[in-house]
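**Student:** I have a structure I would like to understand better, so I am pasting it below and will then ask my questions one at a time.
There are 2 protein chains.
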Amino acid sequence: MAKAGIKDIAARAGVSIATVSHALRNPSRVSEATRLKVLAAAEAVGYTPNNLAVSLRTARSRNIVAIIPDVADSYNSGIIKAIEKVAHSRGYSVLLGDTQGSPEREREFAAMTRSRQADGIILMSHRIPFDLEGKRVSADDLPPLVNGCEFTGCDAFPSVSIDDVQAAMDATRHLIDYGHRRIAAITGDMQSTSSRDRAAGYRRALEEAGLEFDESLVVYGEYSVQCGEQAAEKLLLQKARPTAIFCFSDEIALGCMYTLRQYGFSVPDDISVMGFDDIPFAKYLAPPLTTIAQPVEDIGRTCATLLLDLIDGKKPETMRQFLPHRLVVRKSTRPL
Amino acid sequence: MAKAGIKDIAARAGVSIATVSHALRNPSRVSEATRLKVLAAAEAVGYTPNNLAVSLRTARSRNIVAIIPDVADSYNSGIIKAIEKVAHSRGYSVLLGDTQGSPEREREFAAMTRSRQADGIILMSHRIPFDLEGKRVSADDLPPLVNGCEFTGCDAFPSVSIDDVQAAMDATRHLIDYGHRRIAAITGDMQSTSSRDRAAGYRRALEEAGLEFDESLVVYGEYSVQCGEQAAEKLLLQKARPTAIFCFSDEIALGCMYTLRQYGFSVPDDISVMGFDDIPFAKYLAPPLTTIAQPVEDIGRTCATLLLDLIDGKKPETMRQFLPHRLVVRKSTRPL
DNA sequence: TTGAAAGCGCTAACAT
DNA sequence: ATGTTAGCGCTTTCAA
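Residue numbers (our numbering), protein chains in the order written: chain A, 1 to 336; chain B, 1001 to 1336.
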């Protein structure tokens, strides 16, 4: 006996395949007696539905694809974990779309909705992964998509993230409140909206405090430890060194602190370092990292919930959803 | 125009659907002229194959499922990233099976091969996620599965990991070579083979060095920062404290070092700490962590390659594959 | 309450 | 080289 299907059940239970199908999906439409008979037969033949067939027939794969720059990034992996959790609880599976930042791969993964392998997309990128131009943009042949952490700029899709501008302002202000005046910044990829917004917030907080924005104090990088490592060197090479460095991610901060230590600088005694994200490791670092906590779990959960609702035809109430961040002051920053 | 299928192409190109199918999949079976005609028509109608239909027909989903305890764990996420990479390069997608250690979820995800949503399984657990007993174990109705990092004990499935016993011996020996005699250990979940093997290696290295195994020096935990945090306290409470602590994962080591610091102990001056895994953060910690480097990328790649080959009907050469680990001495351990 | 039958969109014999 | 046709395993009208 190779592969038991509903027709095997039907044969064994002495009913039609239609009845089997009903008994399994729509119990109320068959008599109690047949239902039991069918269930017993299903059990007996060791039935497992072929979900490919179900999906083809119902035009629903019950998969979503999460398009994410890098699963191995601590911040990202937290988000995706939360996504998987709610997807699973609602009977969906998540297809992993690790793009390593490649626009081409973003498009490939996004195409999975066209090819019916996925019913929707959670996009953690600032790029729209398909042509809106080419064809008519009849809003309803766009796939269900929710934009997480980043923002494509297209309001046809709901997006969820923190208010990066405000968060960066809070971070910068914390440093200013601590008496710092020469506050450097190490950014993420400036293509990304998150990084642009943080840069804007940084700048604005400076201005509001009457501090001059000094271009030589910002190093444009990307969200990675290696970047922080190198960027810190550039900062250290300056004649007038910063007394504080605002890193646009905790990973950057980690690399930054490493370099500082290499050259004999103490954090926070010589230089204060501020991170962003509050990855799980942040509080365990030496010194524990002052940072902006993102509600990672909440972001992931909200993205997934929104998407699944979208798939079910429910329109979101707010298209642009901002979740609350929080300044977490630990030991990597100190009053001047 | 809603959904272009091969029959739309056929109509437009003035050929049969079979010819379209051939032109698309099997170009050599069709004349150059028709091939071009078909391609043009496909382009014109904006064709994207319905992979659900293809999969149903060919009985191949081109998905694999990665069953993993926790995507947010740095070690795990490295593995899964490598898996995704090779899967993608071979035209497969990976379904994320984050189990949070739950055997039930392991089984749920494993069932995806039965329901045809996945063609194979990469299992990072020591438990077999389905009944081998119940039915006849006719080896060929087992799904393609490769066991990564852990070992179920079933040699019907290929497995790939490092030699945990040897690696733990190397780690312990390093501490012994440094003159340590009271060497504590903080283990992972002792249900897991990796942790049992490491415990065995630890013990064996002790014995070979003529050191007595002291049960009070081992704290049984799990692979998490929180665990390391708490376990370290237990160790510190002992009358005769260890001079070195061998943590069975870097995350444990991180938590352990944190607690040590809390209580004013310096690593490595007062106590040496050794990790395991060499997660990307390890070298950036303060102090940089001495650890056993696992070939994460290689493990992931090998798992995926093996599985995909298995799916293609190629039998693996070795059922139990050990990849080389490496002792990485940094600054968290020091000679006594 | 149950069943017959028509597909979902595609592939793969088998014919032509 | 191209076309006909029979399904893959299931859901879902529609009729009985």
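All C-beta atoms, glycine included, are put in the ideal place defined by N, C-alpha and C. Since the structure is predicted, the reported quantities are computational estimates derived from the model, not experimental observations.
Near residue 1161/B, which residues of its chain fall below 6 Å by C-beta distance, leaving aside the five closest residues on each side in sequence?
**Tutor:** Only 1149 meet the Cβ criterion.
**Student:** Do we get a CB-CB distance below 7 Å when we pair residue 1095/B with the residues of chain A?
**Tutor:** For residue 1095/B, the answer is yes, since a Cβ of chain A falls inside 7 Å of its Cβ.
**Student:** Can you find the residues in the same chain that come closer than 7 Å, C-beta to C-beta, to residue 1281/B, ignoring five residues on each side of it along the sequence?
**Tutor:** For residue 1281/B, where only same-chain residues beyond five positions count, the Cβ hits under 7 Å are 1074.
**Student:** Taking Cβ-Cβ distances shorter than 8 Å, what residues in chain B pair up with residue 48/A?
**Tutor:** In chain order: 1111, 1114 and 1115.
**Student:** Beta-carbon within less than 8 Å of residue 76/A's beta-carbon, same chain only, minus the 5 sequence neighbours each way: which residues are those?
**Tutor:** Once the five neighbours on either side are set aside, the close Cβ partners of residue 76/A are 68, 69, 70 and 124.
**Student:** Does the beta carbon of residue 315/A come closer than 7 Å to any beta carbon on chain B?
**Tutor:** It does not; no Cβ of chain B falls within 7 Å.
**Student:** Considering only residues of the same chain and omitting the five flanking positions on each side of residue 1082/B, which have a CB-CB separation below 6 Å?
**Tutor:** 1297, 1300 and 1301.
**Student:** Expressed to the nearest angstrom, what Euclidean distance is found between the alpha-carbon atoms of residue 251/A and residue 1088/B?
**Tutor:** Looking at the two C-alpha atoms, the distance is approximately 27 Å.
**Student:** What whole-angstrom Cβ distance do residue 1117/B and residue 1061/B have, given they're in contact under 8 Å?
**Tutor:** Contact holds; Cβ gap of about 6 Å.
**Student:** Identify whether residue 1128/B lies in helix, strand or coil by the three-state DSSP scheme.
**Tutor:** Note: residue 1128/B maps to coil in three-state DSSP.
**Student:** Please list the partners that residue 255/A has in chain B, where partner means a Cβ-to-Cβ separation under 9 Å.
**Tutor:** Neighbours of residue 255/A on chain B, chain order: 1284.
**Student:** Is there a Cβ from chain B that is less than 7 Å from the Cβ of residue 98/A?
**Tutor:** Yes, its Cβ sits closer than 7 Å to a Cβ of chain B.
**Student:** In three-state terms, what does DSSP make of residue 201/A?
**Tutor:** Helix at residue 201/A.
**Student:** In the DSSP assignment, find the alpha helix (DSSP H) that holds residue 1147/B and state where it starts and stops.
**Tutor:** Where residue 1147/B is concerned, there is no enclosing alpha helix (DSSP H), although the beta strand (DSSP E) it sits in stretches over 1145-1148.
**Student:** Ends of the beta strand (DSSP E) at residue 1141/B?
**Tutor:** No beta strand (DSSP E) contains residue 1141/B, which DSSP labels as neither H nor E.
**Student:** Have a look at the DSSP bridge pairing and note the partners of residue 326/A.
**Tutor:** Answer is 293/A, bridged to residue 326/A.
**Student:** Along the chain, where does the beta strand (DSSP E) that runs through residue 1274/B open and close?
**Tutor:** 1272-1274 is the span of the beta strand (DSSP E), which, as asked, contains residue 1274/B.
**Student:** So is residue 81/A in contact with chain B if we call contact Cβ pairs under 7 Å?
**Tutor:** Yes, its Cβ sits closer than 7 Å to a Cβ of chain B.
**Student:** Among residues of its own chain, excluding the 5 on either side of residue 112/A, which ones have a beta-carbon nearer than 6 Å to its beta-carbon?
**Tutor:** 65 and 118.
**Student:** Do you know how far the Cα of residue 1098/B is from the Cα of residue 1136/B?
**Tutor:** Note that residue 1136/B scores a pLDDT of 47, beneath 50, so its modelled location is shaky; the value from the coordinates is reported in the next line. Each residue's Cα considered, the two are about 29 Å apart.
**Student:** With 16 other CB atoms within 10 Å as the buried threshold, where does residue 1014/B fall?
**Tutor:** Residue 1014/B should be labelled exposed.
**Student:** So with Cβ pairs under 7 Å, would you call residue 1078/B a contact of chain A?
**Tutor:** Yes - at least one Cβ of chain A is within 7 Å of the one on residue 1078/B.
**Student:** Quick check on residue 100/A: buried or exposed, where buried means 16 or more other Cβ atoms within 10 Å of its Cβ?
**Tutor:** Flag for residue 100/A reads exposed.
**Student:** Quick one, which of 37/A, 6/A, 283/A and 315/A has its alpha-carbon nearest residue 327/A's?
**Tutor:** The candidate whose alpha carbon is nearest that of residue 327/A is 283/A.
**Student:** Quick one: complete beta strand (DSSP E) runs, 3+ long, within the stretch 61-110 of chain A?
**Tutor:** Runs found: 63-68 and 93-98.
**Student:** For residue 1213/B, is the classification buried or exposed, using 16 other Cβ atoms within 10 angstroms of its Cβ as the cut-off for buried?
**Tutor:** Burial call: exposed.
**Student:** If you reduce the DSSP assignment to three classes, tell me which class residue 1321/B lands in.
**Tutor:** Residue 1321/B: strand per DSSP, three-state reduction.
**Student:** Relative to the C-alpha of residue 321/A, which candidate in 146/A, 44/A and 58/A has its C-alpha closest?
**Tutor:** Comparing Cα-Cα distances from residue 321/A to each of 146/A, 44/A and 58/A, the minimum goes to 146/A.
**Student:** Tell me, please, whether the stretch 9-28 of chain A touches the stretch 1014-1031 of chain B by the rule of three or more beta-carbon pairs shorter than 8 Å.
**Tutor:** The stretch 9-28 of chain A is not in contact with the stretch 1014-1031 of chain B.
**Student:** Using the Cβ count rule (16 or more neighbours within 10 Å means buried), how would you classify residue 103/A?
**Tutor:** Classification for residue 103/A: exposed.
**Student:** Suppose you measure from the CA of residue 55/A to the CA of residue 1126/B; what does that come to, to the nearest Å?
**Tutor:** Those two C-alpha atoms are separated by around 32 Å.
**Student:** In angstroms with no decimal places, state the Cα-to-Cα distance between residue 144/A and residue 121/A.
**Tutor:** Straight-line Cα distance between these residues: approximately 6 Å.
**Student:** Grab the span of the alpha helix (DSSP H) containing residue 33/A for me, first residue to last.
**Tutor:** Residues 32-45.
**Student:** Hey, residue 151/A and residue 195/A are a contact pair by Cβ (cut 8 Å); roughly how many whole angstroms apart?
**Tutor:** Rounded, the Cβ-Cβ distance is 12 Å, inconsistent with contact.
**Student:** Classify residue 993/B: buried if its beta carbon has 16 or more other beta carbons within 10 angstroms, exposed otherwise.
**Tutor:** Nothing can be reported for residue 993/B, as the shown portion of chain B is limited to 1001 through 1336.
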